[in-house]
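Report on the structure given below.
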Amino acid sequence: MLNVQLLKKRINFVTIASLLFSKGVVFSLIVNYLPQPSQRATTTMSGLESYVNNTVSIITADGRNFVGTLKGFDQTVNIILDESHERVYSMTAGIEQVVLGLHIIRGDNVAIIGQLDESVDSKLDFSSIRGMPLEPVGCIFHPKGKSIICTVFRSCQSKNLQLTLGGLQNKQKMPLDAYDLYSELWRTVVINGQLEQLTAALKGCSTDSEIIRYIRQVVDEHGMLEFIKPKGDGKDESKAIACRKRGNECFHPKVRKYVKAVEHYNESIALAEANSETLAIAYANRSAVCFELQEYEACLENIRLARQNPYPENLLGKLAKREAECQNKLQSNGGAEVSEIREPKLSYKPNPSIPHVSDCLELKEDSQFGRYLVTNRNLSAGDVVIVEKPFSRLLAAQLRYLNCDYCHQDVFLSLIPCESCSFTMFCSEDCRKKANEGYHSVECPIIKDMHFLFTKVILMALRTTTMAISTFGGNLDELRLHIESIDESNLHPFKLDWTGISPQEVYSTIHVLATNQKQRTPGDLTQRAIYAIVMSEVLFGKSQRLNELCGDNESHRDLVRQLIFRHAQTAPVNMHSLMYMDYAPDADEEQFRQESLGCGSFPILSMINHSCAPNLVRVTLSSGCVAALINRPVKKGGQLFDNYGYHHCLDALTDRQSGLRAQYSFKCECEACRKNYPLYFSLKRIELPPNVVHPINNDEFERLREHDMQTALNKMPDYCRFINTFGGQYPCYDVSSVQEALLRCFQVIFATQTRKLKYKDLSSL
1 MLNVQLLKKR INFVTIASLL FSKGVVFSLI VNYLPQPSQR ATTTMSGLES YVNNTVSIIT
61 ADGRNFVGTL KGFDQTVNII LDESHERVYS MTAGIEQVVL GLHIIRGDNV AIIGQLDESV
121 DSKLDFSSIR GMPLEPVGCI FHPKGKSIIC TVFRSCQSKN LQLTLGGLQN KQKMPLDAYD
181 LYSELWRTVV INGQLEQLTA ALKGCSTDSE IIRYIRQVVD EHGMLEFIKP KGDGKDESKA
241 IACRKRGNEC FHPKVRKYVK AVEHYNESIA LAEANSETLA IAYANRSAVC FELQEYEACL
301 ENIRLARQNP YPENLLGKLA KREAECQNKL QSNGGAEVSE IREPKLSYKP NPSIPHVSDC
361 LELKEDSQFG RYLVTNRNLS AGDVVIVEKP FSRLLAAQLR YLNCDYCHQD VFLSLIPCES
421 CSFTMFCSED CRKKANEGYH SVECPIIKDM HFLFTKVILM ALRTTTMAIS TFGGNLDELR
481 LHIESIDESN LHPFKLDWTG ISPQEVYSTI HVLATNQKQR TPGDLTQRAI YAIVMSEVLF
541 GKSQRLNELC GDNESHRDLV RQLIFRHAQT APVNMHSLMY MDYAPDADEE QFRQESLGCG
601 SFPILSMINH SCAPNLVRVT LSSGCVAALI NRPVKKGGQL FDNYGYHHCL DALTDRQSGL
661 RAQYSFKCEC EACRKNYPLY FSLKRIELPP NVVHPINNDE FERLREHDMQ TALNKMPDYC
721 RFINTFGGQY PCYDVSSVQE ALLRCFQVIF ATQTRKLKYK DLSSL
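To convert, note that position 523 of the sequence shown is 523 in UniProt numbering; the numbers rise steadily by one, no gaps.
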């Protein structure tokens, strides 16, 4: 793994180079770092200096064009950020999303350029890209403003690198993901001078179906779908045994990484054939971990599951002994400990028609903001105004062997597998049944491939589509008629009675979420259409359940494509991340940190607009709902503002503006952008009155960082009081720091927590 911190300490800007293919043609850019002589990498790049002052042309994914001369590193970085940082790649051998940024190639070298988020980057594994081994050559760190990192690699298999990352020049049938396919198609369209023709054709399309049909013709013309090669999924005994062996290594008394051992055993369970000895042994091994973690009821359940399968007779004695020890422990301990689950309540009486929303919130609409929420009373820091359940949600792929795919609960000691695929597990038969009834029967054969082909945001288009289909009982004619009956201009969640709402009506509120289609560029529309084409082709090719529902009816298949296309537009704009508090005892600074649990679709929360200086925060609760917590005072009549990922405390104005424009298709004119609020460490300090003590002290905050529940309960009222008193002086360092402390209190008390914390004294995790 590349050590970013070490590389930061030895930076030397040496070469910025570009290679122009031809005027108006996509180019390859290499930014090279050569270590100091005493630290020089084994392989360096040379001969690029002559390219520094060349005129270059950048044509971005959405069709924008930059032509100019690269005179220095700052300019290069600015160009790349302005034009390209919206590109999100999945670039590992497996399924993990790696970096927000852009990869550009030249010859056998790769540059990965992206905004440096150390909380994420520290976990990135750049040892391979899509299975191809890479050798790090060096990196560049930009010391001004937003941290930028450019990491340069040399492939260990250089002859395949162009093909894998940036070109289909040889037309070999190598698998690509959906974004790669789009990139290749767009490059071909530009090089062949077909951009104006494509743009005109898209403008002439009056329906989503026509857009998809036209882009499909372009895709077929260039034979691009040949490069989408889904592998399918299923049980694999040899892989299951290998996973069990890795679990055994972690379980060893000298290692004691019990949580990691369970993760490997769970993968073994997911891969093992039903009613097999391999499955039985994996359950038995998991029971051994349960015993060491003093989870005796879970241990007994795993022993039962092991016996339910053909467990080796010569080992049955070990199970019997462990079972007896568990029963003795339970008798002496008085049963299993039941953990308390805290759920926040609305701070004001609920809306009579929308029980999960405070009655002080109202929906407004105008030409500037579209639909948005305002309050009809003064709100204070600490108020909870929404507690909403998602219509559809998707579990983060890295948690698939730790959490239930349906309810997302962290129950890794009791997960059971899908009976067909190796990618999903469930906490109970009930969740497995609900998942199959809701989405998994359609997704089961292809969900593993989908995680390779698409980012999680686009996967939400799949999940929302499959949930929509199941909501109408698989009746695609009924679903189409329902959609056609929706008055999109007049339907919104505040017009419905949620006390007796039907699942079909809930889907209506998701279906009408903003697509921003009129603001989308030809390149972006092409990209979304390709996602719909690729996703539907994989579905129709491998999902028996979907083929049963569609039959030979082409209008049914067209409806599926249209739904995916629509939700591929609504998802990036309206879907929200689900987060949990992870425990990482080996971390240098924060032992607890927010990590991705997944993402979900929310009819009410989606009505809240963005601000780079928000007045609320979202917190994912243990129940799976999401709460909206006011984090600074909002006056009567004021609008509620969420944050879509760009905050003035963390991101410079230019970065926020370009990022929001690229991802959400609007120019941000929030108070922070209009007044150019400073970054966090540049915020002013306020002079407190002599009788006021700042509510944060080092000892208490350290306990809060360690997730001490009593400290959180004691300090939360103090933090709210301080923000409500001095919130009018925002932006200032004092209020912002207390806002963060308030959020941490709320997370400690109410947020989804990792189960690992419970075992910190029993395991090396």
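Heads up, the beta-carbon is just placed ideally off N, CA and C, and yes, glycines get one too.
Predicted, not measured: the structure shown is a model, and the values here were computed from it.
- DSSP, reduced to helix, strand and coil, places Pro572 within a helical segment of the structure shown.
- Nearest Cα to Ile341 within the set Tyr179, Gly728, Met709 and Lys760: Met709.
- The Cβ atoms of Gly232 and Asp405 lie no closer than 8 Å to each other.
- For Gln504, the enclosing alpha helix (DSSP H) covers residues Pro503 to His511.
- Among the bridge pairs identified by DSSP, Tyr730 is matched with none.
- DSSP places Asn609 in the strand class (E or B) of the three-state scheme.
- In terms of Cα proximity to Ile483, the closest of Val512, Ser665 and Lys495 is Val512.
- Spanning the alpha carbons of Lys495 and Gly598 requires a straight line of approximately 29 Å.
- In the DSSP secondary-structure assignment, Phe592 is bridged to Tyr583.
- Scanning its chain for C-beta atoms nearer than 6 Å, with the 5 sequence neighbours on each side dropped, one finds around Val634 the residues Thr375, Leu379 and Asn615, in chain order.
- Burial check for Thr526: the Cβ neighbour count within 10 Å reaches 16 or more, so the residue is buried.
- The beta carbon of Asn643 sits closer than 8 Å to those of His610, Ser611, Cys612, Pro614 and Val617, all from its chain and outside the five residues before and after it, given in chain order.
- Ala751 places its beta carbon 8 Å or farther from that of Tyr583.
- Look at Asp383 here: in three-state DSSP terms it is coil, with no helix or strand label.
- Take the alpha-carbon of Glu362 and the one of Leu319: they are about 60 Å apart.
- The region 740–756 makes contact with the region 342–350, as at least three CB pairs between them are under 8 Å.
- Within the region 514–564, the runs of alpha helix (DSSP H) at least 4 residues long that lie entirely inside it are, in chain order, 522–542 and 544–550.
- Every alpha helix (DSSP H) of 4 residues or more that sits fully in the region 164–247 is shown, in chain order, as 178–191, 195–203 and 208–221.
- Rounded to whole angstroms, the separation of the alpha carbons of Gln331 and Met535 is 53 Å.
- Within the same chain, and ignoring the five residues on either side of Leu683 in sequence, the residues whose Cβ sits closer than 7 Å to its Cβ are Pro731, Cys732, Tyr733 and Ser736.
- DSSP places Arg400 in no beta strand (DSSP E); its state is neither H nor E.
- Taking every protein chain shown into account, the CB of His567 has 16 or more other CB atoms within 10 angstroms, so this residue is buried.
- Arg632 counts as buried, since no fewer than 16 other beta carbons sit within 10 angstroms of its beta carbon.
- Sequence-distant partners of Thr466 (beyond 5 residues in either direction) whose C-beta falls short of 7 Å from its own C-beta, in its chain, are Tyr439, Val442 and Glu443.
- Rounded to the nearest whole angstrom, the C-alpha separation of Gly370 and Ile212 is 27 Å.
- When C-beta atoms of the region 496–506 are compared with those of the region 529–544, fewer than three pairs fall below 8 Å, so the two segments do not count as touching.
- The continuous stretches of alpha helix (DSSP H) do not include Glu362, which lies in the beta strand (DSSP E) extending over residues Leu361 to Asp366.
- Secondary structure at Ser737: helix, using DSSP grouped into helix, strand and coil.
- Membership of Gly370 in the beta strand (DSSP E) is indicated by the continuous run Gly370 to Thr375.
- Under the DSSP assignment, Leu616 falls in the beta strand (DSSP E) whose first and last residues are Leu616 to Thr620.
- Distance check between Ser209 and each of Ile228, Asn192, Ala529 and Gln591 places Ala529 closest, using alpha-carbon atoms only.
- In the same chain as Phe426, and ignoring 5 residues on each side of it, the C-beta atoms closer than 7 Å to its own belong to Cys404, Asp405, Tyr406, Leu415, Ile416, Arg432 and Ala435, in chain order.
- Judged by DSSP in its simplified three-state form, Leu578 adopts strand.
- The closest CA to that of Asn314, considering only Glu325, Asn302 and Glu277, is found on Glu277.
- For Ala435, the enclosing alpha helix (DSSP H) stretches over residues Glu429 to Ala435.
- Going by DSSP, Val692 is part of no beta strand (DSSP E) at all; its letter is neither H nor E.
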